[in-house]
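Those protein sequence lines, which keep their order, are chains A and B. Residues in the first sequence are numbered from 1 upward in steps of one, following my numbering. Residues in the second sequence are numbered from 474 upward in steps of one, following my numbering. Read through the structure below, which is laid out as structure tokens, and then see the notes.
Number of protein chains: 2
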Amino acid sequence: MPLLGLLPRRAWAALLSQLLRPPCASCTGAVRCQSQVAEAVLTSQLKAHQEKPNFIIKIPKGTRDLSPQHMVVREKILDLVISCFKRHGAKGMDTPAFELKETLTEKYGEDSGLMYDLKDQGGELLSLRYDLTVPFARYLAMNKVKKMKRYHVGKVWRRESPSIVQGRYREFCQCDFDIAGQFDPMIPDAECLKIMCEILSGLQLGDFLIKMAWKDVRHEMVAKKGLAPEVADRIGDYVQCHGGVSLVEQMFQDPRLSQNKQALEGLEDLKLLFEYLNLFGIAEKISFDLSLARGLDYYTGVIYEAVLLQTPTQAGEEPLNVGSVAAGGRYDGLVGMFDPKGHKVPCVGLSIGVERIFYIVEQRMKTKGEKVRTTETQVFVATPQKNFLQERLKLITELWDAGIKAEMLYKNNPKLLTQLHYCESTGIPLVVIIGEQELKEGIIKIRSVASREEVAIKRENLVAEIQKRLSES
Amino acid sequence: MPLLGLLPRRAWAALLSQLLRPPCASCTGAVRCQSQVAEAVLTSQLKAHQEKPNFIIKIPKGTRDLSPQHMVVREKILDLVISCFKRHGAKGMDTPAFELKETLTEKYGEDSGLMYDLKDQGGELLSLRYDLTVPFARYLAMNKVKKMKRYHVGKVWRRESPSIVQGRYREFCQCDFDIAGQFDPMIPDAECLKIMCEILSGLQLGDFLIKMAWKDVRHEMVAKKGLAPEVADRIGDYVQCHGGVSLVEQMFQDPRLSQNKQALEGLEDLKLLFEYLNLFGIAEKISFDLSLARGLDYYTGVIYEAVLLQTPTQAGEEPLNVGSVAAGGRYDGLVGMFDPKGHKVPCVGLSIGVERIFYIVEQRMKTKGEKVRTTETQVFVATPQKNFLQERLKLITELWDAGIKAEMLYKNNPKLLTQLHYCESTGIPLVVIIGEQELKEGIIKIRSVASREEVAIKRENLVAEIQKRLSES
């Protein structure tokens with residue numbers, strides 16, 4: 001077996017024992033050291049093996065590693081989402097992965113999943129963040145920020161029983177956009193809906209609809225306040241119908257609503273919102289649906305949820321469990337809960353459920369048999385001859401230092417075929433070839449992996465020529 | 474107070490109570506509902522306030538929020554680091570924030586900080602990851618991957634007593650690059666050192682030096698194997714000297730080394746490494762220093778650490794506590810510890826200590842009084858007149874749909890001065906102005922915030938004109 005480390009522990013120990021021996025050392029002393037060292041090394045090597053037998057290698061329930069293939073898809077999706085957030089003037093920010101437990105308690109409601117609590121950290125009771133909204137509210141209150149438009153991309157953790165097939169995990173990534181501050185009614189709310197539409201159209205997930213409603217009052221009344229269900233269910237009759245402006249108009253006609261001052265206020269707001277959605281060109285994507293009964297405890301006003309509409313399954317494509325891929329709403333009370341004086345900072349925002357979207361996009365790609373490159377390498381440095389490692393190292397240094405993405409094989413004498421095959425299998429477009437001939441003539445061969453054409457260029461023109469070809473492609 | 478939500482909870486309740494009342498409802502029935510609802514609303518409103526008095530708002534020890542200003546600096550640094558990793562052909566990947574506790578135990582050694590353990594999760598004992606190296610080794614063994622060049626950027630958690638002033642936190646971000654696989658000696662090791670140099674030069678942190686050594690054998694011998702310290706300390710005499718090839722040559726001359734076969738092997742490797750470092754043009758940045766005594770338990774061969782050289786403190790700049798900003802080394806045994814059969818996958822890698830670098834860069838910027846834009850907004854949509862919200866919404870929609878980063882104020886009738894001031898304070902370069910006049914003539918005014926020049930253009934040319942100006946700037 002070739003030497004891999006700078007030197008195996010055994011050899012270092014020996015080297016060390018040499019250093020330890022004083023120029024005029026007695027032989028016994030040297031032997032003593034050496035045997036001691038050898039022993040030390042031996043035990044340290046055994047240690048690892050003793051652990052083996054009962055070691056089962058796995059990762060925590062409901063979590064997963066993201067392979068390079070996953071990461072490429074993820075990066076594409078996140079880039080699109082983040083660039084949309086930035087297009088709307090949002091600033092980035094981040095918060096710790098865990099918060100004081102008291103910060104998170106009583107914010108989400110009973111029907112929310114479990115939180116990951118940490119063991120007592122020297123008197124601190126901590127939990128992993130459950131979403132990005134409560135930390136944002138905590139941040140606003142703590143820093144007395146009254147106005148902010150920010151986005152936040154990060155992991156959150158929920159101990160729901162994971163059904164991984166649907167792309168549900170206990171650790172997952174959220175992309176949040178929120179507008180905090182006191183503004184004229186419905187303008188920020190409308191922008192949040194616009195952003196949802198831009199992202200869902202941009203991701204090309206097929207047709208979608210955003211269902212809008214208010215925080216589920218019915219559930220609260222029946223489950224929490226003991227209102228007779230048969231009474232509450234009367235709502236059902238009414239809320240079957242859902243739609244856009246038409247529905248709003250219809251409600252205006254209903255004397256039971258129009259004769260009530262506050263009800264009227266609500267309808268005016270609804271009308272205003274749809275007016276803005278019209279100007280944004282997305283009104284037909286939004287359906288006001290009184291039956292929508294979701295939303296975490298902290299929502300106070302409008303809530304919305306984006307659903308993908310079932311597309312006819314394509315050949316070979318397994319039917320996707322299409323559900324909510326984005327949600328959001330208004331939470332005017334949350335920041336006040338963190339403010340000692342209860343000062344409120346009205347907020348509205350949205351959260352993109354990226355895991356679900358990853359799953360859908362990956363399914364699509366699998367069906368279409370799309371291949372993704374997991375590296376961005378532009379040039380491969382190859383040689384057809386032996387003993388050209390030095391030249392390859394010189395060449396690749398030139399490329400790296402010029403900012404060109406380049407790779408080579410970590411072998412002293414690789415076969416040319418192995419090198420070319422590596423380029424084809426990893427999708428590297430260009431190969432730079434150097435050998436006896438080229439070295440003598442002061443030239444370099446550039447090979448296009450796709451067309452297999454080779455051209456010779458002056459060595460000194462290498463970087464310029466490569467950059468030219470890369471800019472053209 | 475103006476209406477902020479779609480409708481305050483109070484009003485929804487009233488609206489609902491209207492819906493609940495059947496067309497021919499008895500008055501008492503209506504009253505009953507309404508009072509119930511009112512009560513429900515009242516209690517839900519009180520709840521929040523009861524929590525207040527004893528609520529202290531803070532975040533966990535040793536953690537921090539990243540403000541938009543922080544995030545801009547962080548993004549710049551991470552972009553540079555990641556593009557370097559990609560330039561060297563690395564693939565991206567990610568692992569869960571926590572691992573089974575047994576995965577992490579006995580990998581780091583006694584002198585490592587404490588781990589964050591989670592509370593028992595239904596039989597699972599979990600800990601937050603302590604670095605990105607052990608999860609990577611676990612990933613390789615679990616997926617039987619024998620060869621991989623990957624980078625990983627993510628948070629890790631260590632419960633060291635935080636001295637925040639030096640940019641040390643209990644939650645911090647690591648940027649790792651690793652090469653796994655069996656290759657010809659020293660080539661991957663040399664590339665890791667090359668990458669360190671590229672990143673540290675690229676970040677322009679001033680002059681730096683990479684100190685290279687092998688895993689601290691002395692510590693192991695004295696602390697663990699009970700070798701007499703006075704004997705071990707003899708090493709000290711020798712290892713004072715450190716340098717490059719010169720030192721290696723010097724060691725070759727030392728009969729105590731050259732006469733020992735394994736010691737000679739080690740020296741041959743050292744020589745080879747420095748030969749490659751020469752070809753990479755970084756040999757003078759690397760110092761072989763036998764006194765370097767760092768490195769976690771899993772390191773087996775070469776280890777290295779990058780230190781910034783103290784730069785003369787500039788006027789007003791507080792002296793930076795300059796220390797290690799990057800470290801790495803070879804860990805040929807780690808993957809084997811996760812493999813049931815103990816199959817080894819030799820690895821070498823590096824980790825960039827970004828927090829420390831953030832701190833230094835931020836200090837520099839503070840000293841120079843550099844301002845950072847926290848948004849990327851390119852165009853602001855303004856109006857000098859009242860009742861132009863609709864027109865502004867139409868305009869900004871055009872811009873957004875064309876992919877242009879645009880903002881406006883969420884006000885029905887903002888003052889022009891307020892709007893222009895917003896642009897100056899946030900660094901938005903262009904303003905699009907629409908008013909009576911413009912609307913009548915079918916034109917739009919474009920104003921450069923810097924020069925305050927205004928030009929009128931045909932409204933239908935808006936997007937094209939903006940894109941032209943943005944591409945020019």
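Built from N, CA and C at the ideal position, the CB exists for glycine as well.
In chain order, what residues of the same chain have a beta carbon less than 6 Å from the beta carbon of residue i, not counting five sequence neighbours either side?
{"i": "Cys24 of chain A", "result": "Unreliable placement is indicated for Cys24 of chain A, whose pLDDT of 36 sits below 50; no coordinate value is reported for it."}
{"i": "Pro346 of chain A", "result": "Gln182 and Asp332"}
{"i": "Gly377 of chain A", "result": "One point to set straight first is that residue 377 of chain A is Thr, not Gly, in the sequence displayed. For Thr377 of chain A, where only same-chain residues beyond five positions count, the Cβ hits under 6 Å are Lys405, Glu407 and Ile428."}
{"i": "Gly435 of chain A", "result": "Thr383, Pro384 and Gln385"}
Against chain A, does residue i count as a neighbour if the rule is that its beta carbon must be under 7 Å from one of theirs?
{"i": "Asn934 of chain B", "result": "no"}
{"i": "Phe656 of chain B", "result": "yes"}
{"i": "Asp762 of chain B", "result": "no"}
{"i": "Ala770 of chain B", "result": "A quick correction: the sequence has Asp, not Ala, at residue 770 of chain B. It does not; no Cβ of chain A falls within 7 Å."}
{"i": "Arg560 of chain B", "result": "yes"}
{"i": "Asp590 of chain B", "result": "yes"}
{"i": "Tyr612 of chain B", "result": "yes"}
{"i": "Met544 of chain B", "result": "yes"}
{"i": "Thr840 of chain B", "result": "no"}
{"i": "Met669 of chain B", "result": "no"}
{"i": "Gly582 of chain B", "result": "no"}
{"i": "Asp604 of chain B", "result": "no"}
{"i": "Met724 of chain B", "result": "no"}
{"i": "Leu943 of chain B", "result": "no"}
{"i": "Ile917 of chain B", "result": "no"}
{"i": "Arg505 of chain B", "result": "At Arg505 of chain B the pLDDT is 35, less than 50, meaning the model places this residue with poor confidence and gives no usable figure here."}
Please tell me whether residue i has its Cβ less than 7 Å away from any Cβ of chain B.
{"i": "Glu124 of chain A", "result": "yes"}
{"i": "Leu80 of chain A", "result": "no"}
{"i": "Asn387 of chain A", "result": "no"}
{"i": "Tyr410 of chain A", "result": "yes"}
{"i": "Asp65 of chain A", "result": "yes"}
{"i": "Lys91 of chain A", "result": "yes"}
{"i": "Ile357 of chain A", "result": "no"}
{"i": "Glu391 of chain A", "result": "no"}
{"i": "Phe280 of chain A", "result": "yes"}
{"i": "Pro429 of chain A", "result": "no"}
{"i": "Asp94 of chain A", "result": "yes"}
{"i": "Glu376 of chain A", "result": "yes"}
Would you say residue i and residue j are within 7 Å of each other, going by their C-beta atoms?
{"i": "Gly801 of chain B", "j": "Tyr777 of chain B", "result": "yes"}
{"i": "Tyr422 of chain A", "j": "Ile660 of chain B", "result": "no"}
{"i": "Met358 of chain A", "j": "Ala141 of chain A", "result": "As written in the sequence, residue 358 of chain A is Phe, which differs from the Met given in the question. The answer is no: Cβ separation not under 7 Å."}
{"i": "Cys648 of chain B", "j": "Ile833 of chain B", "result": "no"}
{"i": "Arg87 of chain A", "j": "Trp873 of chain B", "result": "yes"}
{"i": "Pro569 of chain B", "j": "Thr63 of chain A", "result": "yes"}
{"i": "Lys758 of chain B", "j": "Ile683 of chain B", "result": "yes"}
{"i": "Arg865 of chain B", "j": "Val852 of chain B", "result": "no"}
{"i": "Lys667 of chain B", "j": "Ile755 of chain B", "result": "yes"}
{"i": "Arg330 of chain A", "j": "Gly369 of chain A", "result": "no"}
{"i": "Asp189 of chain A", "j": "Val348 of chain A", "result": "yes"}
{"i": "Asp762 of chain B", "j": "Ala875 of chain B", "result": "no"}
{"i": "Phe558 of chain B", "j": "Phe650 of chain B", "result": "yes"}
{"i": "Phe208 of chain A", "j": "Ala90 of chain A", "result": "no"}
Go through its chain and collect everything with a Cβ distance to residue i's Cβ below 7 Å, but skip five positions before and after it.
{"i": "Thr374 of chain A", "result": "Pro68, Gln69 and Val72"}
{"i": "Glu911 of chain B", "result": "Ile917 and Lys918"}
Below 8 Å CB to CB, which residues in the same chain sit around residue i once its five sequence neighbours on both sides are set aside?
{"i": "Glu424 of chain A", "result": "Val449"}
{"i": "Arg942 of chain B", "result": "Leu903 and Ile919"}
{"i": "Leu205 of chain A", "result": "Leu308, Val325, Ile357, Ile360 and Val361"}
{"i": "Phe571 of chain B", "result": "Leu591, Leu599, Ser600, Leu601 and Arg602"}
{"i": "Glu828 of chain B", "result": "Gly640, Arg641, Tyr642, Phe645 and Cys646"}
Exercise. Curious, which full-length beta strand (DSSP E) runs of at least 3 residues does the segment 47-119 of chain A contain?
Worked result: 98-100
For this session: Report yes or no: do three or more beta-carbon pairs, one from the segment 553-572 of chain B and one from the segment 672-680 of chain B, lie closer than 8 Å?
Result: yes
Exercise. If you pair each beta-carbon of the segment 102-111 of chain A with each one of the segment 591-608 of chain B, do three or more pairs fall below 8 Å?
Worked result: no
Exercise. Taking the runs of the alpha helix (DSSP H) that are 4 residues or longer, which of them lie wholly in the segment 652-690 of chain B?
Worked result: 660-675
Exercise. Quick one: complete alpha helix (DSSP H) runs, 4+ long, within the segment 317-374 of chain A?
Worked result: 334-338 and 354-368
Exercise. What alpha helix (DSSP H) runs, 4 residues minimum, are completely inside the segment 396-458 of chain A?
Worked result: 416-426 and 436-441
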